[in-house]
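Peer 1: Structure below; questions to follow.
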Amino acid sequence: SYPMIILKALLLTCICWQAISAPFRWEVLDNGGGPGARDRPAIGYDPIRRNLISFGGRSGGSLFQDTWYFNLDSQTWTLVNVANPPAARFDAISGYDVATGLFAISTGDAAPVFFNDLWVLVDYAGPNPQWRTVAAVVWPWTAISI
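Numbered per mature numbering (1 follows the signal peptide of the UniProt record, and there is no 0), the sequence shown spans residues -21 to -1, 1 to 125.
Structure, rendered in structure tokens:
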């Protein structure tokens, strides 16, 4: 979607921007100790905590599998210390579900490997964050109508 493209573009240089109201203007926020420059990370936005969540991405020939979030209020980056993250990748489909509080990523590229999986991050800002794989649901062809 268009908003996701904009957010990914802003993370390319690892500089976050924030819209300031009355009148609207853009303001550069310090990236202070964040994940470093990378492109094509998986990102999502938690509007309750006002956190921009980022997983993976790449820089040159390096792929990443780290998870970070940037809080728009405190303007600080936090590394999410979690065991067993998904494999390093870029170009994953991602999003944050407000109803469940889960950050999800699916597919992604690690050239020459292309992933066909789904992961959710549980409790990303809490004391026990966990990445979990989600089993694929295979629909029988008889259940599909055209």
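Yeah, the Cβ is synthetic: ideal placement off N, Cα and C, and Gly gets one too.
Just confirm the distance between the C-beta atoms of residue 46 and residue 100, as a whole number of angstroms; I'd bet it's less than 8 Å.
Peer 2: Between residue 100 and residue 46 the Cβ distance is about 7 Å, and since that is below 8 Å, they are a contact.
Peer 1: Select from 29, 60, 67, 39 the residue whose C-alpha is nearest the C-alpha of residue 53.
Peer 2: Of the listed residues, the one whose Cα sits closest to residue 53 is 29.
Peer 1: Apart from the five residues on each side of it in sequence, which residues of its chain come closer than 7 Å, Cβ to Cβ, to residue 63?
Peer 2: Excluding positions up to five away in sequence, the list reads 110.
Peer 1: What residue does the beta strand (DSSP E) around residue 54 start on, and which one ends it?
Peer 2: Here residue 54 belongs to no beta strand (DSSP E), and DSSP marks it neither H nor E.
Peer 1: With burial defined as no fewer than 16 other Cβ atoms inside 10 Å of the residue's Cβ, what is the status of residue 25: buried or exposed?
Peer 2: Label assigned to residue 25: buried.
Peer 1: Using the rule of at least 16 other Cβ atoms within 10 Å of the residue's Cβ for burial, across every protein chain shown, is residue 41 buried or exposed?
Peer 2: By the neighbour-count rule (16 or more Cβ atoms within 10 Å), residue 41 is not buried but exposed.
Peer 1: Comparing C-alpha positions only, which one of 75, 60, 89, 78 sits nearest to residue 66?
Peer 2: Cα-wise, what sits closest to residue 66 is 89.
Peer 1: Suppose the cutoff is 7 Å on Cβ atoms and the five residues either side in sequence are ignored; what does the same chain contact list for residue 61 look like?
Peer 2: If we look at residue 61 and ignore the five residues flanking it on each side, its Cβ neighbours are 46, 108, 109, 110.
Peer 1: Quick check: what's the CA-CA separation for residue 98 versus residue 78?
Peer 2: Distance between the alpha carbons of residue 98 and residue 78: 17 Å.
Peer 1: Measure the CB-CB distance between residue 139 and residue 11 and report whether it falls below 9 Å.
Peer 2: Since the displayed the chain opens at -21 and closes at 125, residue 139 lies outside it and no answer follows.
Peer 1: Pick helix, strand or coil for residue 27, following the three-state DSSP scheme.
Peer 2: In this structure, residue 27 counts as coil in the three-state DSSP scheme.
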